[in-house]
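Here's the structure we're looking at; comments come further down.
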Amino acid sequence: MALLSSIRSLTLDLPPSCIQFCPARPEIFAVGTYFLHRNEDSVSSQENSADSLQTTNSDSSSAENAAAVLPQKRTGSLILYKISHDKNITEVFSLATDFAILDLQWAPHPNRLVGSNDPLLAVAASTGLLAFYRLKTRPPASDTASQQQSQTELVLSCVNQVTNDTTLVLSLTWHPVRPNVLGLTLSDGRVVLCMSEGRDEHADAAVVACWDPNAVFSMHDVHEHELEAWIMNFTPEKDEKVLSGGDDMILLCSQDTASAQTDPAEEQEYAMQWQDRKLHHAGVTAILPLSDTLVVTGSYDDHIRLLSLPAVGRRKVLAELNLGGGVWRLKLLTPPSSHVAQPSHIESGGGISSTSTADADHGSGQHTLAPPMSALQDHQDQNQTTSSHFVLLCSCMHAGTRVVRLQRSSSRKEEDEYEWTFSVIARFEEHESMNYASDVQPRSDDDVGDSLQKTTIVSTSFYDKLLCVWQIDDETLREPQQETS
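Just so we're on the same page, the working numbering is the position in the sequence shown counted from 1, plus 36.
As structure tokens, then:
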């Protein structure tokens with residue numbers, strides 16, 4: 037196991053809560069920050085936990101009474117950084133917000149969002165808001181064009197109030213195929229889908245002018261947790277299901293009851309398929325579907341797990357590993373491995389291969405290291421996991437960042453099943469507080485021809501406000517050869 041070191045680092049002004057590279061602009065990444073203002077008249081017991089992302093509401097009645105008198109204010113910022121070929125970091129844009137930012141996600145299907153070619157960023161706010169920003173690049177003034185560089189900035193596109201201003205939007209997830217659908221989880225336990233439809237009656241339903249101030253916005257409840265709903269995701273099959281995890285230790289699954297022929301204008305209704313509180317021993321904080329039945333999860337109980345979630349039959353843990361800290365977020369690293377089976381349609385809308393559809397969407401033509409659901413566009417026909425090897429980037433709170441391999445054995449065990457195992461192949465531990473956010477830089481055309489290719493990762497930590505850039509050799513990410521029995 038490799039212990040990795042940073043090649044660049046910097047300290048932010050506010051605690052970072054989320055980060056993501058722009059798929060269409062691999063040199064640009066966005067950071068959201070979260071700051072909880074201290075309330076001097078609140079109970080002193082809140083001071084140590086109030087600004088942690090883990091705690092959205094105080095557990096004591098006295099704290100609730102104090103907060104009712106003097107509600108605590110949350111603010112934040114939205115920052116763009118540019119990373120150069122030699123991995124220097126430059127801040128190119130910063131916007132102070134009167135809300136804290138809990139999550140941000142670039143739309144993974146820019147070519148299907150008509151009306152603008154500018155990348156779209158969705159932002160989850162502490163005041164019940166869902167905000168959308170466009171990434172704009174403005175040319176320099178003509179009289180000094182030779183002396184200045186173009187200006188990169190985020191421009192507000194639209195804002196939707198999805199709940200009351202005391203409820204936090206904790207996470208958001210783009211639908212892998214439908215660009216007008218976005219899933220949210222809320223601090224009151226609800227899981228909802230937001231939909232945006234263009235007003236043009238003749239617009240193609242699959243390619244709509246959405247997420248703009250003139251679009252028709254609607255919300256649909258999916259299901260509700262007993263405590264905070266931390267995370268949700270979509271299963272990649274045609275009859276899609278919504279999976280979510282909460283602070284109540286429950287993994288919930290609901291399915292759209294409408295048929296494929298249902299008028300998309302009609303309200304969607306979701307029916308709960310099952311709930312399971314036996315698979316995890318603490319809150320469920322990360323969900324990464326690999327296929328329609330195989331799902332990787334993270335939990336406050338420090339474990340990463342591979343779950344088998346069949347439509348019929350017993351749900352069970354196929355593999356698990358203690359990573360030493362709460363597994364807050366998971367991202368799929370897709371290594372350029374010749375050993376990974378490659379289906380005719382790409383990635384986790386069924387099977388998973390080593391090539392991402394982000395390549396096709398963004399024109400790089402190279403193997404792209406991509407977040408799990410960003411590579412799901414055009415593969416809804418396949419429902420079997422064809423790969424036996426995955427590499428995961430894990431943000432493990434107080435333990436730092438882990439790079440974890442998930443591998444299937446070459447031989448079957450009892451009940452005609454394969455054995456799966458997790459193993460840590462690298463760790464990054466320079467963070468001295470909660471590692472809530474990490475991301476991997478997508479490959480670009482500039483990387484072609486590098487003799488010693490490395491994967492670049494940016495990770496952050498909350499209380500010390502540290503942002504680090506580090507790299508791992510691509511060879512480390514490749515699937516090791518297995519002996520067949």
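Where a beta carbon is used, it is the ideal one built from N, C-alpha and C, also for glycine.
Inter-residue spacing [alpha-carbon to alpha-carbon] between residue i and residue j
i	j	result
residue 39	residue 464	6 Å
residue 70	residue 52	6 Å
residue 501	residue 326	32 Å
residue 258	residue 294	13 Å
residue 426	residue 448	18 Å
residue 436	residue 493	13 Å
residue 364	residue 153	32 Å
residue 171	residue 433	29 Å
residue 119	residue 309	44 Å
residue 467	residue 329	34 Å
residue 376	residue 117	With a pLDDT of only 35 at residue 376, under the threshold of 50, the placement of this residue in the model should not be trusted, and no figure is reported.
residue 175	residue 121	22 Å
residue 144	residue 265	23 Å
residue 224	residue 140	19 Å
residue 65	residue 304	34 Å
residue 273	residue 281	19 Å
residue 47	residue 503	6 Å
residue 429	residue 209	17 Å
residue 362	residue 113	25 Å
residue 161	residue 453	43 Å
residue 415	residue 142	Its pLDDT being 33, under 50, residue 415 is placed unreliably by the model, and the measurement read from it follows with that caveat. If you take the alpha carbons of residue 415 and residue 142, they lie about 20 Å apart.
residue 231	residue 220	11 Å
residue 369	residue 58	16 Å
Collapsed DSSP secondary structure at residue i in the structure displayed
i	result
residue 507	strand
residue 522	Nothing about residue 522 can be reported from this structure: the residues present for the chain run from 37 to 521 only.
residue 513	helix
residue 468	coil
residue 252	strand
residue 305	coil
residue 361	coil
residue 263	coil
residue 68	strand
residue 257	strand
residue 117	strand
residue 273	coil
residue 169	strand
residue 430	strand
residue 448	strand
residue 246	coil
residue 163	coil
Nearest residue (CA-CA) to residue i, options the options
i	options	result
residue 578	285, 216, 284 and 223	Outside the shown range of the chain, which is 37 to 521, sits residue 578, and nothing can be said about it.
residue 286	292, 268 and 276	268
residue 251	260, 233, 264 and 226	233
residue 108	138, 64, 72 and 338	72
residue 164	351, 204 and 455	204
residue 218	61, 352, 158 and 350	158
residue 352	333, 440, 206 and 54	333
residue 290	125, 495, 131 and 270	270
residue 321	311, 338 and 307	338
residue 168	187, 197, 188 and 185	197
residue 213	276, 156 and 336	276
residue 440	458, 115, 499 and 361	458
residue 355	202, 455, 461 and 195	455
residue 193	512, 446, 247 and 311	247
residue 190	350, 131, 513 and 231	131
Residue-chain proximity (residue i, chain D), Cβ-Cβ < 7 Å
i	result
residue 333	Although the question refers to chain D, the structure presented lacks it and comprises just one protein chain.
Proximity test, residue i beta-carbon vs the ligand SAH heavy atom, cut-off 6 Å
i	result
residue 475	Of ligands this structure carries none, so the ligand SAH is not represented either.
- the segment 341–352 contacting the segment 313–320, beta-carbon criterion three pairs below 8 Å: yes
- Message: Going residue by residue through the segment 171–225, where are the continuous beta strand (DSSP E) segments of at least 3 residues, counting only ones entirely within it?
- Response: 187–197, 205–210 and 217–222
- Query: Residue ranges of each beta strand (DSSP E) run of no fewer than 3 residues wholly in the segment 311–349, ordered along the chain?
  - Reply: 320–325, 330–335 and 339–344
- Give, in chain order, every unbroken run of the beta strand (DSSP E) that is at least 3 residues long and sits entirely within the segment 37–63. 38–40, 42–47 and 52–58
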